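Notes follow the structure.
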Amino acid sequence: MNFTRWSARLPGTQRRAAARTEQTVPPDRRSESPVPAARAGHPASAVDGLPAREVLDRVPALVALVHGPEHRLAHVNAAYAAAFGPRAPGTPARDTLPELAELGLLPLLDQVLRSGRPRTLKSRKAVDGRSYTFTCTPVTGHGDRDAGVLVFATDVTDHAEAAERLRASERSQRQTAVTLQRSLLPQDLEEPDDLRVAATYQPGGTEAAVGGDWYDVITLGGGRTALVIGDVMGRGVRAAAVMGQLRTAVRAYARLDLPPHEVLQLLDGLAVEIDANQIATCVYAVHDPNEGRLVYASAGHLPILVRDENGEVLRADEPTGPPLGTGGWVHSSGSVPLGPGATAVLYTDGLVERRDQDLDEGIAALARALSGATGTPQVVCDRLVRSAGVTADHDDDVAVLVLQHPHRTGPAADLFRNAALDLLGGVEAAPRARAFASGVLTSWRFPTELHDLGVLATSELVANSLQHGTPPMRLRLRRTDRRLIIEVTDGDDHLPRRRRAEPADESGRGIDIVATIASGWGSRRTPGGGKAVWCEFLLPKR
2 MNFTRWSARL PGTQRRAAAR TEQTVPPDRR SESPVPAARA GHPASAVDGL
52 PAREVLDRVP ALVALVHGPE HRLAHVNAAY AAAFGPRAPG TPARDTLPEL
102 AELGLLPLLD QVLRSGRPRT LKSRKAVDGR SYTFTCTPVT GHGDRDAGVL
152 VFATDVTDHA EAAERLRASE RSQRQTAVTL QRSLLPQDLE EPDDLRVAAT
202 YQPGGTEAAV GGDWYDVITL GGGRTALVIG DVMGRGVRAA AVMGQLRTAV
252 RAYARLDLPP HEVLQLLDGL AVEIDANQIA TCVYAVHDPN EGRLVYASAG
302 HLPILVRDEN GEVLRADEPT GPPLGTGGWV HSSGSVPLGP GATAVLYTDG
352 LVERRDQDLD EGIAALARAL SGATGTPQVV CDRLVRSAGV TADHDDDVAV
402 LVLQHPHRTG PAADLFRNAA LDLLGGVEAA PRARAFASGV LTSWRFPTEL
452 HDLGVLATSE LVANSLQHGT PPMRLRLRRT DRRLIIEVTD GDDHLPRRRR
502 AEPADESGRG IDIVATIASG WGSRRTPGGG KAVWCEFLLP KR
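Take 2 as the starting number for the sequence shown in the working numbering and just add one per residue.
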């Protein structure tokens, strides 16, 4: 191959590297240069005076020169030979340069030869265990068979190893965040008597897409259930840690059995104390089967969607306050119907928010998917995630909570019964309440021991309300497939507390008796003023 006929279009960095090596050329060789003396001091002029073979051999990077359609080898420089061994010239590259074939460079050589434009293949690990960036540059000649390609390989092993260490560190941090996130989420959802629930959490697929999404289901007692979903702004371990603190706080505040807006008010103050620079959105909702409604409060979170038994979807937009952690806002509660046969969905923004789509469009698409989603809560949950196009490489984490109030018929309906009595006050109220409770519990065919305990608890709760409460008063008995619930409401908002009565005290033992014989008891203030005091007994397993 006659190198003097070639005009190698070396990139600027290669030309400068070759020029630096020229400074070591002996003086007697420099005098042979045909370059005029006026230009002899310029490094580029010294390179121009050398044969191409010497230029390539002095380049510190790996260089291979091929020509013709079969990419026959013309020359490999000393650095290339040191890395992969000497190569016989005149042989096609597919035979004599197997390392390039393994890296997939042969099709790239064809493209460069056809197009006459350089191509680059970044950071590929070769058979010698080192990483190289390959630049293929077209070289012109006399005719197609003389045209060739200059393969220039830069050793980027140090950069590649540093990048891999960085990626490994990011993967480790992401795995730590995912592990922490999942450990802070409920491992098993509580199972309310009157609701069926299912939830899913999927971390984002990118290194930094593990955020602070969470959900929870909390049984409040007395047949009521609290449901919560939230999203801490930010990514990584910090967001997951803040999420864990907020979730724990929500469970503690829920035990106070406060209205949803008061729970968010407490949570807002706590969020400021945890981290004034960290904000979070949250929806806290309470379902009461006796009311057939979902009472909720929202702190900057996306609206709850409710599908009724006819397939119509209601979007609960109001009221909505600012996110938690902003402070200085008085939250308020709203409500949506959630009767038998209805399904509600609580979700985070990863399910509906896309970079190329308006948020309202994503919520509308979710509502359309919900309108046609039937089956168990888990089936509905999976369908909604699939319809939103959430995959393993999704760029944000996603949390979804689905709840259904089942429409029971036949034998299942017999296990869920309600009975209520208005108490008008006076000396006859207590005997009437006992007689009513005895008749109802007998008709529900409870065992004698449970019947007697239920009548005793009814008597104590009614007596406490008559002594310390104000009209209107109401007794409600409710049975589910798992428990008997007795509740008395009145117009006074002073909540009773359990205390130890002294032997000489003539009163003050009612709540203590109820707490002793029942599986659980509690009290709460009612929205219209007044209070409700309840207790429950677990039914014997059949």
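Just so it is clear, CB atoms sit at the ideal spot from N, CA and C, and this is done for glycine as well.
The structure presented is a predicted model; accordingly, all values stated were derived computationally and were not measured.
Simplified DSSP state of residue i, which is helix, strand or coil
i: residue 379; result: helix
i: residue 234; result: coil
i: residue 166; result: helix
i: residue 312; result: coil
i: residue 196; result: coil
i: residue 56; result: helix
i: residue 417; result: coil
i: residue 106; result: coil
i: residue 340; result: coil
i: residue 203; result: strand
i: residue 242; result: helix
i: residue 37; result: At residue 37, the pLDDT of 43 sits below 50, so the modelled position is not reliable and the matter cannot be decided from this model.
i: residue 117; result: coil
i: residue 374; result: coil
Residue closest to residue i, alpha-carbon to alpha-carbon, out of the options
i: residue 245; options: 231, 256, 355; result: 231
i: residue 288; options: 201, 194, 352; result: 194
i: residue 260; options: 242, 297, 240, 279; result: 297
i: residue 334; options: 272, 278, 299, 364; result: 299
i: residue 469; options: 511, 176, 458; result: 511
i: residue 224; options: 132, 196, 153, 99; result: 196
i: residue 456; options: 475, 467, 431, 466; result: 431
i: residue 280; options: 220, 262, 213, 488; result: 213
i: residue 414; options: 442, 362, 356, 341; result: 341
i: residue 365; options: 304, 488, 395, 449; result: 304
i: residue 306; options: 158, 252, 371; result: 371
i: residue 131; options: 81, 178, 320; result: 81
i: residue 337; options: 319, 92, 450; result: 319
i: residue 141; options: 514, 367, 113, 122; result: 113
i: residue 137; options: 156, 129, 117; result: 117
i: residue 394; options: 351, 151, 362; result: 351
Segment limits, alpha helix (DSSP H) that includes residue i
i: residue 461; result: 449-469
i: residue 513; result: 511-518
i: residue 99; result: 99-103
i: residue 433; result: 430-444
i: residue 272; result: 261-275
i: residue 83; result: 79-85
Alpha carbon of residue i to alpha carbon of residue j, nearest angstrom
i: residue 399; j: residue 536; result: 37 Å
i: residue 532; j: residue 286; result: 19 Å
i: residue 69; j: residue 148; result: 6 Å
i: residue 181; j: residue 243; result: 11 Å
i: residue 199; j: residue 345; result: 11 Å
i: residue 169; j: residue 162; result: 10 Å
i: residue 310; j: residue 215; result: 28 Å
i: residue 392; j: residue 185; result: 23 Å
i: residue 519; j: residue 308; result: 36 Å
i: residue 530; j: residue 492; result: 6 Å
i: residue 83; j: residue 99; result: 15 Å
i: residue 12; j: residue 101; result: Any reading at residue 12 must be qualified, since the residue scores a pLDDT of 46, below 50, and its modelled position is unreliable; the value itself is stated next. Near 20 Å, if we compare the C-alpha coordinates of residue 101 and residue 12.
i: residue 465; j: residue 473; result: 14 Å
i: residue 425; j: residue 419; result: 20 Å
i: residue 401; j: residue 295; result: 17 Å
i: residue 57; j: residue 203; result: 54 Å
i: residue 127; j: residue 175; result: 29 Å
i: residue 524; j: residue 422; result: 19 Å
i: residue 488; j: residue 171; result: 54 Å
i: residue 444; j: residue 410; result: 19 Å
i: residue 105; j: residue 94; result: 12 Å
i: residue 417; j: residue 378; result: 20 Å
DSSP bridge partner residues for residue i (one or two, in chain order)
i: residue 474; result: 424
i: residue 222; result: 225
i: residue 299; result: 284, 321
i: residue 532; result: 491, 526
i: residue 93; result: 73
i: residue 253; result: Per DSSP, none; premise fails for residue 253.
i: residue 358; result: 355
i: residue 305; result: 317
i: residue 537; result: 486, 521
i: residue 331; result: Beta-bridge pairing links residue 331 to no other residue.
i: residue 88; result: Bridge partners of residue 88: none, in fact.
Bounding residues of the beta strand (DSSP E) (the contiguous stretch that carries residue i)
i: residue 406; result: 399-406
i: residue 122; result: 120-126
i: residue 140; result: 132-141
i: residue 1; result: Outside the shown range of the chain, which is 2 to 543, sits residue 1, and nothing can be said about it.
i: residue 65; result: 63-68
Proximity test, residue i beta-carbon vs the ligand FAD heavy atom, cut-off 6 Å
i: residue 111; result: Absence of the ligand FAD from the depicted structure is noted, as is the absence of any ligand whatsoever, leaving it without description.
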